[in-house]
């Protein structure tokens, strides 16, 4: 008989479950302004500690401090605040529309608005994002019409994707927003391929890849880092760590040690963490990483540290697996509230202006919604023609599909 | 030319004609491929047009999907079809669906080449014929040449095609035709008509079958190596079989098939892949639907057995001429 004790399988558990008191006391928050801003051509080994810290610009008083501050003017920040408000109100209206049966499904961004909205402002026209389903801020901040987004969500007669795709799986080449797939992680690898193509073609455009904390466990994550590293691809690889993959806490994907950013070290890719609820920090880091890519210094891995305040989707109830109070206890706060306080602190914004902006944006979103609903909703008809179901499988419809279309009565 | 030379030549012609064509895969660059299909391309076109890739099939195909969406025309190699499985998600969920799900906003003009088939003592992971995995995926085209002439023309057509194409190369046919008589000496392509390959640009259209042997008694549907097995079986059995080389499995040239079966009234389907759920089942059902009132006997399939591809039992597994001849007699009710 063996003298050693029986082996034991470790299955990580989150700090708190429904009914427990939320506790983020072991979550270390570096002070705003504390992390250096390295040169664009930095040796990844020289900044290894950045994968364990968090780049933050806004401090508790609402000041923008440190070497990452100052990338945006007040006017630009007010625009950014409006983008985040737009996304939040858009989410709210579309979640309601789903509850009213106007569409089958919706995914909101609550608490993560800064990540995609701020990032988008660091990119140039022609750059290509390979987003997940939780980066609609890339569209909102990029000026994509809300009506088009809603037409897609409603799968109506003006849906740019002709009713073929699940709601929120947008696509807009013109706006640098790659077609969203339901298959997790796939686009992370594709972003590297797109960036390689840009380099092969002697172009100056860059790509960005997006993935959630949970999906970093997919094989595509690993492949993307290998290829990005091997070919020095002009790509910014973003991990949005919102702590939750549906019901699974991030420790299941991370293995209980280190950070997601630290995964970059094994690939020789500069890896940084950023306060994902700090609009200024996300923008500054996005700008640094995209400038690195554009200058030919290769890929950067960014872990955006944030919290998924809402349910995973309209089909999810988070109270079944985490404490209701957990989102309020999240130590990095709310991205909209933090930017608002900063702008008020700077004397360029006020509660009254904020309320007025909110009302104005709400009216815009409602107007867009009315316009979209006039084109039809999944619940009330005016859907794309079933004839269109057979189009676009191939550029030219092969004979067997023509036959099936005729069989279907079209 | 051998089939290897024809495939290499097709790459060369495509790369010279269109700078959007880029070629990569494991050992494809400096070394020129483990089967030599890309030899000399890196030297001629440079490292950014033809290069080595990390050993990651999903990475190779995923990168190619990204490149295709950018506007390049990647031609990538999976070293053996047996190793394509890690890339299936990128192929089935991404490459095949990109045009459809984005309503044409993004497209995926991409060719994935992979050596396929057995008859070479390749054992379990160097012999598989996974074509049915691909023919089941809408949005893909699936092609398998059986000779150097077609290999070049079909590959050029595949590279120009605006949609993703799975290009399966029967490695048993790389250096010469093979009719399943493993105990007889190999005849090289230079002694075969279809080994004569035009040096210039030409295409063999996708979706068109070729009749390799005219006959009146029975129609044999085959592709890849089994074309030669079927031809040999027809000769040796004395049964006047018409042998059709499908060349493209999807989209299928159902018109050529239907015309032949209506003429002969009998149909034999042969493939190396395992039987259950194989592409033969699809062929069988389509022939049954299109030719039911013309059929004089049940449609028969001769295929690989429903087992992993064995090593020592190579010639008991490979559907050789003896099994095809027996099936022909059975069809003729002899």
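Protein chains in written order, with the numbering used here: chain A, 14 to 423; chain B, 144 to 477. Cβ atoms here follow ideal geometry from the backbone N, Cα and C, with glycine treated the same way.
(request) Starting from residue 257/B, follow the beta strand (DSSP E) in both directions and report where the run begins and ends. (result) Residue 257/B sits at position 114 when you count from the first residue of the second chain. Residue 257/B -> beta strand (DSSP E) spans 254-259.
(request) Report the residues of the region 427-439 of chain B with a CB closer than 7 Å to any CB of chain A, ordered along the chain. (result) none
(request) Could you spell out where the alpha helix (DSSP H) holding residue 458/B opens and where it closes? (result) Against the second chain, residue 458/B aligns to sequence position 315. Here the alpha helix (DSSP H) through residue 458/B covers 457-460.
(message) Taking 9 Å as the threshold (beta carbon to beta carbon), is residue 41/A in contact with chain B?
(response) Position 28 of the first chain holds residue 41/A. No, residue 41/A does not count as interfacial toward chain B.
(request) Run through the region 326-397 of chain B for me and flag every whole alpha helix (DSSP H) of 4 or more residues, listed as ranges in chain order. (result) 369-380
(message) Within 10 Å of its beta-carbon, does residue 247/A have 16 or more other beta-carbons around it, so buried, or fewer, so exposed?
(response) If you number the first chain from 1, residue 247/A lands on position 234. Buried, by the Cβ-count rule.
(message) Taking only three categories from DSSP, how would you classify residue 284/B?
(response) Here residue 284/B is taken as the residue at index 141 of the second chain, counted from 1. Correct three-state label for residue 284/B: strand.
(request) Would you please verify whether the beta carbon of residue 202/B is less than 9 Å from any beta carbon of chain D? (result) Among the chains of the structure shown, chain D does not appear; the protein chains present are A and B.
(request) Look up residue 445/B in the DSSP assignment and give the residues it is bridged to. (result) Locating residue 445/B in the second chain gives position 302, counting from the first residue. Note: residue 445/B sits in a beta bridge opposite 413/B.
(message) Just list the residues that DSSP pairs residue 164/B with in beta bridges.
(response) Numbered from its first residue, the second chain carries residue 164/B at position 21. Per DSSP, 216/B.
(request) Determine, using beta-carbon pairs with one atom in the region 331-340 of chain A and one in the region 267-278 of chain A, whether at least three such pairs fall under 8 Å. (result) no
(message) Could you check whether the Cβ of residue 397/B sits closer than 9 Å to any Cβ belonging to chain A?
(response) Mapped onto the second chain, residue 397/B falls at position 254. Chain A, which has a Cβ nearer than 9 Å to the Cβ of residue 397/B, makes this yes.
(request) Could you tell me which chain B residues have their CB closer than 9 Å to the CB of residue 411/A, listed as they occur along the chain? (result) Here residue 411/A is taken as the residue at index 398 of the first chain, counted from 1. The contacting residues are 284, 350, 393, 394, 395.
(message) For the region 236-247 of chain B, list every residue whose C-beta sits within 7 Å of some C-beta in chain A, in sequence order.
(response) 236, 237, 241, 242, 243, 244, 245, 246, 247
(request) Would you give the residue range spanned by the alpha helix (DSSP H) that residue 223/A belongs to? (result) Translated into positions along the first chain, residue 223/A becomes position 210. From DSSP, residue 223/A is part of no alpha helix (DSSP H) but of the beta strand (DSSP E) over 220-225.
(message) Looking at chain A, is there any beta carbon in it that lies within less than 9 Å of the beta carbon of residue 249/B?
(response) Position 106 of the second chain holds residue 249/B. Taking Cβ atoms only, chain A reaches closer than 9 Å to residue 249/B, which makes this a yes.
(request) Could you tell me if residue 419/A is buried or exposed, where buried requires 16 or more neighbouring beta carbons within 10 angstroms of its beta carbon? (result) Counting from one through the first chain, the residue named residue 419/A turns up at place 406. With fewer than 16 other Cβ atoms within 10 Å, it is exposed.
(message) Can you tell me which residues form a DSSP beta bridge with residue 312/B?
(response) Looking up residue 312/B in the second chain gives position 169. In DSSP, residue 312/B forms a bridge with 258/B.
(request) Compute the Euclidean distance between the alpha carbons of residue 428/B and residue 281/B, then round it to the nearest angstrom. (result) Residue mapping note: residue 428/B aligns to position 285 of the second chain, counting from 1. Residue mapping note: residue 281/B aligns to position 138 of the second chain, counting from 1. Roughly 18 Å between the two C-alpha positions.
(message) I'd like the span of the alpha helix (DSSP H) that includes residue 234/A, first residue to last.
(response) Indexing the first chain from 1 puts residue 234/A at position 221. Looking at the DSSP string, the run of the alpha helix (DSSP H) that includes residue 234/A is 232-243.
(request) Return helix, strand or coil for residue 195/B, following the three-state DSSP convention. (result) Within the second chain, residue 195/B is the residue found at index 52, counting from 1. If DSSP states are grouped into helix, strand and coil, residue 195/B belongs with the strands.
(request) Assess, as a yes-or-no matter, whether the region 68-81 of chain A is touched by the region 97-111 of chain A under the definition of 3 or more beta carbon pairs within less than 8 Å. (result) no
(request) From the DSSP output, in three-state form, read off residue 172/A for me. (result) Walking along the first chain from the start, residue 172/A turns up at place 159. Residue 172/A falls in the coil class under three-state DSSP.
(request) Out of 118/A, 47/A, 413/A, point me to the one whose CA is closest to residue 390/A's CA. (result) Locating residue 390/A in the first chain gives position 377, counting from the first residue. For the residues 118/A, 47/A, 413/A, the minimum Cα distance to residue 390/A belongs to 118/A.
(message) Distance check for residue 162/A and residue 387/A, CA to CA, integer angstroms please.
(response) As a first step, residue 387/A must be located in the first chain, where it is residue number 374. As a first step, residue 162/A must be located in the first chain, where it is residue number 149. Cα to Cα, the separation comes out at about 14 Å.
(message) I'd like to confirm the pairing. Which residues does DSSP put opposite residue 262/A in its beta bridges?
(response) Locating residue 262/A in the first chain gives position 249, counting from the first residue. Partner(s): 257/A.
(request) Within 10 angstroms of the Cβ of residue 109/A, are there 16 or more other Cβ atoms? Answer buried if so, exposed if not. (result) Stepping through the first chain from its first residue, residue 109/A is reached at position 96. Burial call: exposed.
(request) State the start and end residues of the unbroken beta strand (DSSP E) segment that holds residue 143/A. (result) On the first chain, residue 143/A is found 130 positions in, with the first residue counted as 1. Run containing residue 143/A: 141-143, per the beta strand (DSSP E) assignment.
(message) According to DSSP, simplified to helix, strand and coil, what is residue 191/A?
(response) Against the first chain, residue 191/A aligns to sequence position 178. Note: residue 191/A maps to coil in three-state DSSP.
(request) Would you kindly work out how many angstroms separate the C-alpha atoms of residue 398/B and residue 337/B, rounded to a whole number? (result) Translated into the one-based positions of the second chain, residue 398/B becomes position 255. Translated into the one-based positions of the second chain, residue 337/B becomes position 194. Going from the Cα of residue 398/B to the Cα of residue 337/B covers about 24 Å.
(message) Report the CB separation of residue 289/B from residue 316/B in whole angstroms; it is logged as a contact under 8 Å.
(response) One-based indexing of the second chain puts residue 289/B at position 146. One-based indexing of the second chain puts residue 316/B at position 173. Their Cβ separation, rounded to whole angstroms, is 6 Å, which keeps residue 289/B and residue 316/B in contact under 8 Å.
(request) Would you kindly work out how many angstroms separate the C-alpha atoms of residue 24/A and residue 423/A, rounded to a whole number? (result) Here residue 24/A refers to the residue found at position 11 when the first chain is read from its first residue. Here residue 423/A refers to the residue found at position 410 when the first chain is read from its first residue. If I take the Cα positions, the gap works out to 54 Å.
(request) Assign residue 252/A to one of three DSSP states: helix, strand, or coil. (result) Counted from its first residue, the first chain places residue 252/A at position 239. It is a strand residue.
(message) Measuring straight from C-alpha to C-alpha, what distance separates residue 59/A and residue 280/A?
(response) As a first step, residue 59/A must be located in the first chain, where it is residue number 46. As a first step, residue 280/A must be located in the first chain, where it is residue number 267. If I take the Cα positions, the gap works out to 14 Å.
(request) With distances taken Cα to Cα, identify the nearest neighbour of residue 168/A among 395/A, 410/A, 417/A. (result) Mapped onto the first chain, residue 168/A falls at position 155. Taking only the C-alpha atoms, the option nearest residue 168/A is 395/A.
(message) Can you give me the C-alpha to C-alpha distance between residue 160/B and residue 415/B, rounded to a whole angstrom?
(response) In the second chain, the residue the question calls residue 160/B occupies position 17. In the second chain, the residue the question calls residue 415/B occupies position 272. Answer to the nearest angstrom: the Cα atoms are 35 Å apart.
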